[in-house]
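There are 2 protein chains.
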Amino acid sequence: MDDEIVEPGTGGRRWVTSADVAREAGVSRAAVSRAFTPGASVAPETRRRILAAADAVGYRPNAIARSLNTRRSGIIGVVITEIANPFYARLLEALGIALQERGLMPLVSVAPDPEATDELLVRLLSYQVDGVVVASATLSSGIAARCAAARTPIVLVDRRAGEHGREAALVGADNVGGGHLVADLLAAAGHRRHAFLAGIEATSTSTERERGFVSGLAAHGLTLTAREVGRFSYVGGRDAALRLLGRADRPDAVFCANDEMALGLMDAARATFGLRIPQDLSVVGFDDTPSAALASYRLTTVAQDVTELAEAAVTAVQEHTGSVAASARYRLIPCRLVLRESARLPPPPASTLHDPNAMTTAAVPPSGRMPAAG
Amino acid sequence: MDDEIVEPGTGGRRWVTSADVAREAGVSRAAVSRAFTPGASVAPETRRRILAAADAVGYRPNAIARSLNTRRSGIIGVVITEIANPFYARLLEALGIALQERGLMPLVSVAPDPEATDELLVRLLSYQVDGVVVASATLSSGIAARCAAARTPIVLVDRRAGEHGREAALVGADNVGGGHLVADLLAAAGHRRHAFLAGIEATSTSTERERGFVSGLAAHGLTLTAREVGRFSYVGGRDAALRLLGRADRPDAVFCANDEMALGLMDAARATFGLRIPQDLSVVGFDDTPSAALASYRLTTVAQDVTELAEAAVTAVQEHTGSVAASARYRLIPCRLVLRESARLPPPPASTLHDPNAMTTAAVPPSGRMPAAG
DNA sequence: GTGAAAGCGCTAACAC
DNA sequence: GTGTTAGCGCTTTCAC
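For the record, the sequence lines run as chains A and B.
Quick note: the first sequence uses the numbering used here, first residue 1, plus one each step.
Quick note: the second sequence uses the numbering used here, first residue 1001, plus one each step.
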């Protein structure tokens, strides 16, 4: 095993190449290539010798060069906004892990604003990504067509495709089912005046959660007493609380389209209206953000299984690699209820539904519906 | 402008190549290349014609092929753990934006555990990344040497280099200075019995914050009354509170190495000991996590400027690209105090230091020290 | 300012 | 099984 092969003295950034290994092991460069290709036909002995030589000279195959002629880069583009939002942070982490398990790497694009998505997507495509996962942004027509032309599969997570984005696969949490769950819980607990706090009107997450909630209430012969918009933010929730809880027919239960608004609403309910939660008011959120578990809030909420969401997304990209994928395929991940103390519980008819220490969860089957276009 | 050039009918994933554009524009492939290279010499008129042709056939340069002979991929590897931790989430977001602004893309590696870093780094290197930013993991000797051999600059964010990692550049928040700030605040507020709640002992973040705090107290003639370890977690903080606040000489001020522990401690202080904050106990955290701002906590804390941290990291990678970078360089980003209501304020000698609505901040100059090795 | 030719490091046919 | 020969799509001397 020689040692001083790596650097030729001068500062020229010279890489150890397969030719070096070939020379060292006394084989051809093709043999070296095969030794590093899982399913290739090499004599076990040769392979061993090659790997040893590679190790000696410090060789690692150049993934860039490799992908130039395999036409598979092993890179998956990930477009994401607001990583600071805990939900997207967890999603990104799960995506990263799911990809790595499959030998892929995420090339991530942080979208400063939703409109920038197209531009970012184009840049990703120039890196010959094997597929793209888009979280938190809608897809324009042009880019979808472009991906289709490049035979690059694209998966939207927790979004509906835009008008023209029929080419994309869709993976999302069952927001409708989640809203339904909440309706069942609140109705069973005997609440009469239900309110919904929407996030941003245009988003599918907010509208779907509302749809599930309203239809769930209807199933119990109930309707919505009030409705406000909180733009998915803490302050939005706090402000909405002022309007919502100041009404003559004050709601006794509020379902918020996400946790952040729910926290704002809880704070305002206590500070401004002196309400006790859940005695005077039940509050339910969506997402199961870390803050929701804090002792001062103990927010009952709907959790999305981020890991499963990520797995499904990655599986979808892989499945569509190479295949035609003419029609939009979609996959719904069920949500589950996380029971804490911010919402009253139904009277226990049979047994104890409620574990005060950890959290009790109930699964919900996917509602099975998911429109392909908004 | 012809139209149907893109797909040759069969499903063969054929890319639009520079040759197509060359043909379309009646020039050579070299000319096309130059038209897409910022500083190249092309006649303005030719370039215009080429760009138009490219647009017509839907051409974008293949970044992979390009980097094969420029030896610059435009990709920066980012190794990061626990994205779910809000601090790292914000850091990653800031890094992504900073990189994009400079025309670079982050290839991210999510480290399941700190030990996995080396393996991930090797994979990143095989993608010919132009540099690596490592957040939240220590660096082994082997990999540092490998990076050095490959002339790949590596920057550690908020970490100290391991024993052998002298090749890495270091960028970090001024944890020592941050601890110092807290000591000044608490001392000025008249507290007498100070406690420190450490995170994980082995981490530089925890030890540096402690060091700054202790030396800051010393400057006021004070010493630490008590000290506990909370492993950076909410439960850890809660448990530590039981030990810390049950003492005969109960501390009247606690500085926690991060916010999460501070929240746990606050909850336990109120629920278990019936303490009022800040009347009976002042609590200060570190990080300025979103939860810290919630009405129930209003945690006074030390904020790191994540954006600046990211900018510095990216700048460092770029600077070291191609240069020798034999000695470890480091850069400290100052922290600032975010005053809320969880800690008593010093009696206002001159004017109002405290804005109850938003938050008042005070800058601190970097302490100027940062050991290269732990 | 532009084109021709020679690679970047690797893998994929095809012979042997 | 293994070596030889062509490229992948691009940039880059080097002539002109």
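All residues carry an ideal CB built from backbone N, CA and C; glycine is no exception.
Alpha-carbon to alpha-carbon, residue j and residue i
{"i": "A:Pro86", "j": "A:Phe213", "result": "23 angstroms"}
{"i": "A:Ser323", "j": "B:Glu1101", "result": "At A:Ser323, the pLDDT of 47 sits below 50, so the modelled position is not reliable; the number obtained from the coordinates is stated separately. C-alpha separation (whole angstroms): 35 angstroms."}
{"i": "A:Pro405", "j": "A:Asp259", "result": "Because chain A here runs from 1 to 374, residue 405 of chain A falls outside it and cannot be looked at."}
{"i": "B:Thr1225", "j": "B:Arg1193", "result": "5 angstroms"}
{"i": "B:Cys1147", "j": "A:Leu95", "result": "27 angstroms"}
{"i": "B:Ala1043", "j": "A:Ser126", "result": "25 angstroms"}
{"i": "A:Ile75", "j": "B:Arg1048", "result": "32 angstroms"}
{"i": "B:Arg1060", "j": "B:Thr1037", "result": "12 angstroms"}
{"i": "A:Leu170", "j": "A:Gly103", "result": "23 angstroms"}
{"i": "B:Pro1346", "j": "B:Asp1252", "result": "14 angstroms"}
{"i": "A:Ala241", "j": "A:Gly190", "result": "21 angstroms"}
{"i": "A:Tyr330", "j": "A:Val314", "result": "13 angstroms"}
{"i": "A:Leu124", "j": "B:Pro1112", "result": "25 angstroms"}
{"i": "B:Val1306", "j": "B:Ser1041", "result": "40 angstroms"}
{"i": "A:Gly172", "j": "B:Leu1332", "result": "42 angstroms"}
{"i": "B:His1180", "j": "B:Tyr1234", "result": "24 angstroms"}
{"i": "A:Arg336", "j": "B:Leu1107", "result": "33 angstroms"}
{"i": "A:Ala84", "j": "A:Glu45", "result": "51 angstroms"}
Close beta carbons around residue i, own chain, < 7 angstroms, minus the five adjacent residues each side
{"i": "A:Thr223", "result": "Leu217"}
{"i": "B:Ile1050", "result": "Val1021, Ala1025, Val1027, Ala1031, Val1032, Ala1035"}
{"i": "A:Ala19", "result": "Arg29"}
{"i": "B:Gln1128", "result": "Ser1067, Ser1073"}
{"i": "A:Asp184", "result": "Gly216"}
{"i": "A:Ala53", "result": "Val21, Glu24, Ala25"}
Own chain partners of residue i with C-beta closer than 8 angstroms, once the 5 adjacent residues on each side are dropped
{"i": "B:Ala1257", "result": "Phe1196, Leu1197, Ala1198, Gly1199, Thr1205, Ser1206, Arg1209, Glu1210, Gly1230, Phe1232, Phe1286"}
{"i": "B:Pro1114", "result": "Thr1081, Ser1136, Ala1137, Thr1138"}
{"i": "A:Asp288", "result": "Asp259, Thr301, Val302, Ala303, Gln304, Val338"}
{"i": "A:Tyr88", "result": "Ile80, Thr81, Glu82, Ala135, Ser136"}
{"i": "A:Met105", "result": "Gly74, Ile75, Ile76, Leu99"}
{"i": "A:Gly39", "result": "none"}
{"i": "A:Asp249", "result": "Arg193, Thr225, Ala226"}
6 angstroms CB neighbourhood of residue i in its chain, flanking five on each side removed
{"i": "B:Phe1255", "result": "Val1182, Phe1196, Phe1213, Val1284"}
{"i": "B:Asp1118", "result": "Ser1140, Ile1143"}
{"i": "A:Pro356", "result": "Note on A:Pro356: pLDDT 48, under 50, position unreliable in the model; no value is reported."}
Residue i, DSSP secondary structure in three states
{"i": "B:His1194", "result": "strand"}
{"i": "A:Ile83", "result": "coil"}
{"i": "A:Val42", "result": "coil"}
{"i": "A:Ile75", "result": "strand"}
{"i": "A:Phe286", "result": "strand"}
{"i": "A:Pro114", "result": "helix"}
{"i": "A:Glu341", "result": "coil"}
{"i": "A:Gln304", "result": "strand"}
{"i": "A:Thr205", "result": "helix"}
{"i": "B:Gly1199", "result": "coil"}
{"i": "A:Val21", "result": "helix"}
{"i": "B:Tyr1330", "result": "strand"}
{"i": "A:Trp15", "result": "coil"}
{"i": "B:Thr1315", "result": "helix"}
{"i": "A:Ile64", "result": "helix"}
{"i": "B:Arg1159", "result": "coil"}
Nearest to residue i (by Cα), restricted to the options the options
{"i": "A:Leu309", "options": "A:Leu92, A:Ile75, A:Thr152", "result": "A:Leu92"}
{"i": "A:Leu121", "options": "A:Ala89, A:Ala98, A:Val78", "result": "A:Val78"}
{"i": "B:Gly1236", "options": "B:Leu1265, B:His1220, B:Pro1251", "result": "B:Leu1265"}
{"i": "A:Ala312", "options": "A:Ser215, A:Arg123, A:Gly103, A:Ala98", "result": "A:Ala98"}
{"i": "A:Ala343", "options": "A:Leu263, A:Ala316, A:Phe273, A:Thr315", "result": "A:Leu263"}
{"i": "B:Ala1202", "options": "B:Arg1151, B:Leu1124, B:Arg1159, B:Thr1315", "result": "B:Arg1159"}
{"i": "B:His1320", "options": "B:Gly1131, B:Ala1219, B:Arg1340", "result": "B:Gly1131"}
{"i": "B:Phe1273", "options": "B:Tyr1234, B:Asp1239, B:Ala1292", "result": "B:Asp1239"}
{"i": "A:Gln318", "options": "A:Glu341, A:Val108, A:Arg123, A:Thr152", "result": "A:Thr152"}
{"i": "A:Ala219", "options": "A:Asp249, A:Arg227, A:Tyr234, A:Leu186", "result": "A:Leu186"}
{"i": "A:Arg340", "options": "A:Thr307, A:Tyr330, A:Ser282", "result": "A:Ser282"}
{"i": "A:Ala56", "options": "A:Arg227, A:Arg23, A:Pro348, A:Gly39", "result": "A:Arg23"}
{"i": "B:Met1261", "options": "B:Glu1228, B:Asn1069, B:Ala1150", "result": "B:Glu1228"}
{"i": "B:Arg1071", "options": "B:Asp1249, B:Ser1109, B:Ala1150, B:Thr1046", "result": "B:Ala1150"}
Residue i CB to nearest heavy atom of the ligand NAD below 6 angstroms
{"i": "A:Leu245", "result": "For the structure depicted, the ligand NAD is absent and the ligand set is empty, with no information on it obtainable."}
*Assess, as a yes-or-no matter, whether the segment 123 to 137 of chain A is touched by the segment 290 to 308 of chain A under the definition of 3 or more beta carbon pairs within less than 8 angstroms.*
no
*Between the segment 62 to 69 of chain A and the segment 267 to 282 of chain A, are three or more C-beta pairs nearer than 8 angstroms?*
no
*Pair every Cβ in the segment 1262 to 1271 of chain B with every Cβ in the segment 1234 to 1246 of chain B, then say whether three or more of these pairs are closer than 8 angstroms.*
yes
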